[in-house]
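Novice: The structure is given below, and queries will be raised subsequently.
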Amino acid sequence: MGALNTTQIESFENDGFLILRGFFNEQVVKELREAMVELLRSTQRGTRGVGFDPWSSEPGDDLNPHRVYWYNDIFLNSSRLNAHMHDSRLADVFCDLYDSDIDAYQSATVIKPPMTNFDFQGWHQDAPDYIPLSNFKLSSALTYLCEMGPDTGGTSLIPGSHLAGLFDRRYVRVEDWPVRKRILVGFEEFEDRVVTPQFHPGDVLIFHPCLMHRANSNYTEESKIGLINAYRSVDCIDLTERNTFKADKIPVTRHRKATPLGVSPHAGVTTY
Numbered sequence: 261m262g263a264l265n266t267t268q269i270e271s272f273e274n275d276g277f278l279i280l281r282g283f284f285n286e287q288v289v290k291e292l293r294e295a296m297v298e299l300l301r302s303t304q305r306g307t308r309g310v311g312f313d314p315w316s317s318e319p320g321d322d323l324n325p326h327r328v329y330w331y332n333d334i335f336l337n338s339s340r341l342n343a344h345m346h347d348s349r350l351a352d353v354f355c356d357l358y359d360s361d362i363d364a365y366q367s368a369t370v371i372k373p374p375m376t377n378f379d380f381q382g383w384h385q386d387a388p389d390y391i392p393l394s395n396f397k398l399s400s401a402l403t404y405l406c407e408m409g410p411d412t413g414g415t416s417l418i419p420g421s422h423l424a425g426l427f428d429r430r431y432v433r434v435e436d437w438p439v440r441k442r443i444l445v446g447f448e449e450f451e452d453r454v455v456t457p458q459f460h461p462g463d464v465l466i467f468h469p470c471l472m473h474r475a476n477s478n479y480t481e482e483s484k485i486g487l488i489n490a491y492r493s494v495d496c497i498d499l500t501e502r503n504t505f506k507a508d509k510i511p512v513t514r515h516r517k518a519t520p521l522g523v524s525p526h527a528g529v530t531t532y
């Protein structure tokens, strides 16, 4: 029996995203939050492969004292986060969407520190960071570990925008901003289609790499944590070996059965 029904699969194909409410229970959310807090508390500013809040170098909150806002390859630093990347129920979703043989592609986190303006991230599509690919049988799963909405670090989406092709990405300077703002050229014609769901701890958002989306600002006193795991069918090939994520090519399922946690295909990298 699959993880998704026909209606859910058709919804994903039409909208470019699917929200799985309460996919992970309270205990799983607790374990993942604890693993993330342990990682974030030990990550000092200046750590390679980690992004820090560009607006402030002041201390953050207890969850995220050094104001991390992204961190790649987190599966290498926590057995619990590695197990999450290999979660069999999550893998089943991608088997239903794409194929019975699924590989990991990315294991990361995006955090919105307290009182942080995320407008600089802007509307975007992920696919330009991945192409050229042999096909688009690749998507991301965003697991929410906190309550997140329009002004509390949630995600805004444009239903069906994955069918409109790829748009030019540019960066513009904004007066008094410490970083440039990312924009999509031609986004204005889609603006009236924006949806901003309220997400609850344990919800999972599955979204296509061509979907227009954006991260929302967090105007609360608590960091908002989300885990991003991207997966691809084995026949979705990185044609120029562009991807540098260490999760890439790690088998997650073969013939729809979960593969054991073990050695990465990258020399010298061992998973937990």
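Residue numbers for the sequence shown follow our numbering, so the first one is 261 and each next one is one higher.
Ideal Cβ placement from N, Cα and C applies to all residues, glycine included.
According to DSSP, TRP330 sits in a beta bridge with which residue or residues?
Specialist: TRP330 pairs with GLY311 and VAL370.
Novice: Note the first and the last residue of the continuous beta strand (DSSP E) segment covering ARG340.
Specialist: Here ARG340 belongs to no beta strand (DSSP E); instead the alpha helix (DSSP H) covers 339-345.
Novice: Starting from PHE267, follow the alpha helix (DSSP H) in both directions and report where the run begins and ends.
Specialist: Residue 267 is actually Thr in this sequence, not Phe. Per DSSP, THR267 belongs to the alpha helix (DSSP H) from 266-275.
Novice: Answer with buried or exposed for PRO613, where buried requires no fewer than 16 other C-beta atoms within 10 angstroms of its C-beta.
Specialist: Residue 613 falls outside the range modelled here, since the chain spans only 261 to 532, and no answer is possible.
Novice: Give the secondary structure of VAL512 by DSSP, where H, G and I count as helix, E and B as strand, and everything else as coil.
Specialist: Reduced to three states, the DSSP call for VAL512 is strand.
Novice: Count the CB pairs spanning the segment 410-425 and the segment 465-475 that are closer than 8 Å, and state whether there are at least three.
Specialist: The answer is yes - the segment 465-475 touches the segment 410-425, with three or more Cβ pairs under 8 Å.
Novice: Check each candidate in ASP275, TYR390 and ARG281 and name the one with the smallest Cα separation from GLU407.
Specialist: For GLU407, the nearest C-alpha among the options comes from ARG281.
Novice: Helix or strand or just coil, what does DSSP make of ILE279?
Specialist: Reduced to three states, the DSSP call for ILE279 is strand.
Novice: Note down the Cα distance separating VAL512 from THR500, rounded to an integer number of angstroms.
Specialist: Roughly 22 Å between the two C-alpha positions.
Novice: Is it the case that the segment 395-407 contacts the segment 477-494, given that we only count it when at least three CB pairs across the two stretches are under 8 Å?
Specialist: Result yes; three or more Cβ-Cβ pairs closer than 8 Å.
Novice: Under the three-state reduction of DSSP, which class applies to LEU336: helix, strand or coil?
Specialist: Here LEU336 sits in helix by DSSP.
Novice: Residues in its own chain within less than 8 Å of ALA527 by CB, not counting five upstream and five downstream?
Specialist: Residue placement at ALA527 is flagged as unreliable, the pLDDT there being 40, under the threshold of 50; a coordinate-derived value is accordingly withheld.
Novice: Determine whether the beta carbon atoms of ASP359 and SER493 lie at a separation below 8 Å.
Specialist: Against a cut-off of 8 Å, the Cβ pair of SER493 and ASP359 comes out as a contact.
Novice: So who's on the other strand from VAL288, going by DSSP bridges?
Specialist: For VAL288, which the question treats as bridged, DSSP gives no partner whatsoever.
Novice: Using the three-state DSSP reduction, which class does ARG430 fall into: helix, strand or coil?
Specialist: Strand at ARG430.
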